[in-house]
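Structure first, commentary second.
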Amino acid sequence: MAWLWWAPSIAASLHIVEEFVIPGGFGEWDRAYRPRLRASITPRLHVAVNAALLVLCAMVGLAGSAGGVAIGSLRLRSAIPPSEGGAAWVALAALLLSNAAFHVVGAIRTRRYSPGIVTAVALYVPLAFVGAGYLLRAGRVSALDAAVGAAIGGSYPLWAHLLHVVRARR
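Residue numbers (my numbering): 61 to 230.
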């Protein structure tokens, strides 16, 4: 299942398209959902966060690709050691899963469509459970490393909220 390493990149890319292009409107929805953080929820922040997410997805994909990926004479390698690729994949999947929870909770609270909810639920949720299960069964990640990775990735909403609070106070 070599495709599994790159699945988060594809899922995140489709999710970003849903949030900001088709149908778009995530920034406006998010500012309406969290008005006290409105000053922190900026287009510039969205670009930075999503760029960082895509870089992280690429790093995880490269970590799972033994020896990196060749593009012509250029060989791309991950900053994540291949031995840590499974834990990094689980951490990334947990981060994406927590984003799905954010969209679902936000849609329930606002009683409005949250741009990004469709791809979050349809892609992030099954990817996290199926992928983590596969990596555990295949021995690509230990149960302990998977648990630590899930805790780290799943903590994203907490530290992202805290950063928004700090930014909004400025």
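Using N, Cα and C, we set each Cβ at its ideal position, and we do this for glycine too. Note that this is a predicted model, so its numbers are computed, not measured.
Straight through space, the alpha carbons of Arg-137 and Ile-131 are spaced by roughly 11 Å.
Between Ile-177 and Ala-188, the CB-CB gap reaches or exceeds 7 Å. For Leu-97, the CB contacts under 6 Å within the same chain, skipping 5 residues up- and downstream, are His-224, Ala-228 in chain order. Scanning the segment 178-215 for uninterrupted alpha helix (DSSP H) segments of 4 residues or longer gives 185-197, 203-214, listed from N- to C-terminal end.
Rounded to whole angstroms, the gap between the alpha carbons of Gly-124 and Val-164 is 30 Å.
Linking Val-150 to Ile-212 through their CA atoms gives a straight-line distance of about 9 Å.
Nearest neighbour of Ser-202 by Cα position, chosen from Gly-146, Pro-175, Ser-133, turns out to be Gly-146. Rounded to the nearest angstrom, the gap between the Cα atoms of Ala-153 and Glu-78 is 18 Å.
Scanning its chain for C-beta atoms nearer than 6 Å, with the 5 sequence neighbours on each side dropped, one finds around Cys-117 the residues Pro-68, Ser-69, Ala-72, in chain order. Contact annotation, Ile-101 with Gly-87: C-beta distance approximately 6 Å; criterion of less than 8 Å satisfied. In this structure, the CA atom of Trp-66 is about 18 Å from the CA atom of Ala-206. Just measuring C-alpha positions, the residue of His-221, Leu-64, Pro-141 sitting nearest Phe-162 is His-221.
Measuring C-alpha to C-alpha distances from Val-185 to each of Pro-83, Glu-144, Leu-155, Arg-91 identifies Leu-155 as the nearest.
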